[in-house]
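Okay, so here's the structure we're looking at.
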Amino acid sequence: MAIPAEQILLVTKDGERIHIDELIDRLRSESKRILADDEVGLTLYVGDLDIYNLKPTSSGEFLAQLVTEVSRPRFAARVLRRQIGASMISVTGDAIFVIRRGNTLKKVRAENLEAGMVLALGEKVYQ
Amino acid sequence: MNFKNELERKCFEMAERALGKNVTIEHNKTIKIESALFPEVASFKGPPAKEIDVLAATLHDSPKIVLLVSCKLLAGRAEPAHVQEWAAVVQTMNKYSNGTTYFGLVLSPTGFTSGTESWATSHNLGLLPPLKGRRLAFNEDTVLRMFGRVLRALNARVQLQVDDLMTPPAFFDFVFRLSADYEGHQEAITDGRYFLVPQNWASSFSEMYAAIVGQTVEDILAMQGATAIKFSGNLFLRFDGSRVEVGPDLSKAQGATSTVVQCWKNIEMEKCTIEAIGNVAVGKRISSAGDFATYIEFGLDQQFNLGLHRDGFHLHSTENPIEAHRL
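Residue numbers (the numbering used here), protein chains in the order written: chain A, 1 to 127; chain B, 128 to 454.
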């Protein structure tokens, strides 16, 4: 959610890396895929292409999530750098993380993440 | 058609523009559940019905998909109760549906309190404007544009795939993704300096540069109150002192040619003719750019800097020593 396009790590179902700019340039000629192409940016439907977004975990592995749309916004929001587990990631301030707090889970926006917080999947926030 | 307030009328008109006449849009609708074959809804009056202020847009016929929109014109931000009410309506319609899938969306130009998010995500309702990390105030016009964008995108999306949107919070996320980028767009509009023509979309320095870098200068033009560069590929850049326009629109760039044009060369800004500048600039590629408020400047093949002013041009060499590279 709200992660700028250049930071998304996309792969095929076989694990092959996909470059989002190449993907968008290839697919934008298929008009039926275009959900929005206007003053705000371009959004394409890719839900049928078995494309996954990889999110890093502290163990060095990646969590694969099916991607249904890819976007190229014309005006990106401010980006923050955060170290989650062993990885540095770039996210917008309003990207949502789910953290553990005692026996409950709580949603926290990236700009409110603090060192020492532990995400729902066990990764620790270092900075 | 009667509208409860001005916001409803604008939303209705936006929905019509976005979805066209082939999509049914109803207003002040009495909604009834489709299937009354459940003991808990049996009554002496017949199936339960509720009159609500709603824009109901049918997006797909088989299977039938309907978007129920609640337009909230409030003095302050919408509260959880407003979202809860709509969640109950949409949930009931889906529970007693006879094959129709209902999606719900709440539109409140004054925004939402943070407590609404959990209700919207758990009940899979879209919120416009989106709830962002920092409190943003979008004007009503921008919220209506978001509404139109979401309707067009949803209309295209349901023709391709819809099942995944039914699982919370997929529809909430879908609406969020399509409306969240208005944050950066709003800031760009506030600046109001760069524009893409002929759409007249707000643009940015980086987008302008991405469009022209590597392009070959074919001509430089002076017109009434502005200067322009014509690039290869029928691309133009026009500068009038406060506004920078980029695009293939010929209409402005081919406006009345001005005879009052001032041109300067070298660092000392010695007067020269537009022909002298054109002789050097034409055929060179754009290699850099800078915005200096009263003028904008472009690097040409990393050898020259070409400046556009409201009423003229300047050109100088970027190579050293200066004395050996005077024009």
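For each residue, glycine too, the CB sits at the ideal point set by N, CA and C.
Nothing here was measured: the structure is a model prediction, and the numbers come from that model.
Using three-state DSSP, classify residue i as helix, strand or coil.
i              : result
Q342 (chain B) : coil
A5 (chain A)   : Confidence at A5 (chain A) is low in this model, with a pLDDT of 39, below 50, so the placement of that residue should be treated as unreliable; the coordinate-derived value is given next. Of the three classes helix, strand and coil, the one that applies to A5 (chain A) here is helix, per DSSP.
G102 (chain A) : coil
S189 (chain B) : coil
F440 (chain B) : strand
D418 (chain B) : strand
P207 (chain B) : helix
Y309 (chain B) : helix
R412 (chain B) : strand
D37 (chain A)  : strand
N393 (chain B) : coil
H249 (chain B) : Contrary to the premise, residue 249 (chain B) reads as Ser rather than His in this sequence. In this structure, S249 (chain B) counts as helix in the three-state DSSP scheme.
I160 (chain B) : coil
M141 (chain B) : helix
Q83 (chain A)  : strand
Q430 (chain B) : coil
I449 (chain B) : helix
V324 (chain B) : coil
Beta-carbon separation of residue i and residue j under 9 Å?
i              : j              : result
Y52 (chain A)  : L10 (chain A)  : yes
L252 (chain B) : M141 (chain B) : no
D137 (chain A) : Q211 (chain B) : The structure shown does not extend to residue 137 (chain A), since chain A spans only 1 to 127, so no value can be given for it.
D207 (chain B) : G242 (chain B) : Here residue 207 (chain B) is Pro; the residue named in the question, Asp, does not match the sequence. Yes, these two residues count as a Cβ contact at 9 Å.
E161 (chain B) : F75 (chain A)  : no
E267 (chain B) : L254 (chain B) : no
G374 (chain B) : F363 (chain B) : yes
N393 (chain B) : S444 (chain B) : yes
L271 (chain B) : K131 (chain B) : no
K398 (chain B) : T343 (chain B) : no
V216 (chain B) : F230 (chain B) : no
M99 (chain A)  : M117 (chain A) : It is Ile, not Met, that sits at residue 99 (chain A) in the sequence shown. It is a contact, given that the beta carbons lie within the stated cut-off.
L63 (chain A)  : V46 (chain A)  : no
V285 (chain B) : H187 (chain B) : yes
L435 (chain B) : L427 (chain B) : no
G439 (chain B) : I413 (chain B) : no
I347 (chain B) : I356 (chain B) : yes
C390 (chain B) : L454 (chain B) : no
E109 (chain B) : L182 (chain B) : Residue 109 (chain B) lies beyond the range of chain B shown here (128 to 454); nothing can be said about it.
A353 (chain B) : G341 (chain B) : no
Where does residue i land, buried or exposed, given buried means 16+ other C-beta within 10 angstroms?
i              : result
A264 (chain B) : exposed
M335 (chain B) : buried
E6 (chain A)   : Note that E6 (chain A) has pLDDT 41, beneath the 50 cutoff, so the model's placement of it is unreliable and the number below is only indicative. Exposed: under 16 other Cβ atoms inside 10 Å.
E61 (chain A)  : exposed
D94 (chain A)  : buried
R144 (chain B) : exposed
S331 (chain B) : buried
T92 (chain A)  : buried
D308 (chain B) : buried
G360 (chain B) : exposed
V70 (chain A)  : buried
E395 (chain B) : exposed
F419 (chain B) : exposed
I449 (chain B) : exposed
N282 (chain B) : buried
A110 (chain A) : buried
P67 (chain A)  : For the record, residue 67 (chain A) in the displayed sequence is Val; it is not Pro. So V67 (chain A) ends up on the buried side.
T484 (chain B) : Lying outside 128 to 454, the shown extent of chain B, residue 484 (chain B) is not represented and no answer is given.
L44 (chain A)  : buried
E123 (chain A) : buried
Chain B partners of residue i, CB-CB under 7 Å?
i             : result
V67 (chain A) : The contacting residues do not exist; V67 (chain A) stays about 11 Å from chain B at best.
G41 (chain A) : D308
If the cut is a Cβ gap below 9 Å, which residues of chain B does residue i touch?
i             : result
D48 (chain A) : L287, Q288
Which chain A residues sit within Cβ distance under 7 Å of residue i?
i              : result
L305 (chain B) : A36, T43
A329 (chain B) : E39
In chain B, which residues lie less than 8 Å from residue i when you measure between Cβ atoms?
i             : result
K32 (chain A) : A283, Q286, L287
Between residue i and chain E, is the shortest Cβ-Cβ distance under 9 Å, so that the two count as touching?
i             : result
D21 (chain A) : As a matter of chain content, chain E is missing from the structure shown, whose protein chains are A and B.
Residue i touches chain A at which residues, Cβ-Cβ below 9 Å?
i              : result
D291 (chain B) : G47, L66, T68
E466 (chain B) : Residue coverage of chain B in this structure runs from 128 to 454, which leaves residue 466 (chain B) outside it and unanswerable.
R279 (chain B) : L35, A36, D38
Q430 (chain B) : Correct list: empty, because the minimum Cβ distance to chain A is about 30 Å.
R437 (chain B) : Going along chain A, no residue has its Cβ under 9 Å from R437 (chain B), so there is no contact; the nearest lies around 26 Å.
Find the residues of chain A that neighbour residue i, judging by a C-beta separation of less than 8 Å, and give them in chain order.
i              : result
E372 (chain B) : Those do not exist, as E372 (chain B) stays about 14 Å from chain A at its closest Cβ, beyond 8 Å.
Q326 (chain B) : E39
E314 (chain B) : F75
message = I want to know whether the region 316 to 323 of chain B touches the region 294 to 304 of chain B - three or more CB-CB distances under 8 Å.
response = no
ask   = Do the region 214 to 230 of chain B and the region 185 to 194 of chain B touch if we need at least three Cβ pairs shorter than 8 Å?
value = yes
key: the region 197 to 205 of chain B / the region 227 to 235 of chain B touching (three or more Cβ pairs under 8 Å)   = yes
ask   = Does the region 26 to 43 of chain A come close enough to the region 11 to 18 of chain A that 3 or more CB-CB pairs lie under 8 Å?
value = Counting Cβ pairs under 8 Å, fewer than three are found: no touch.
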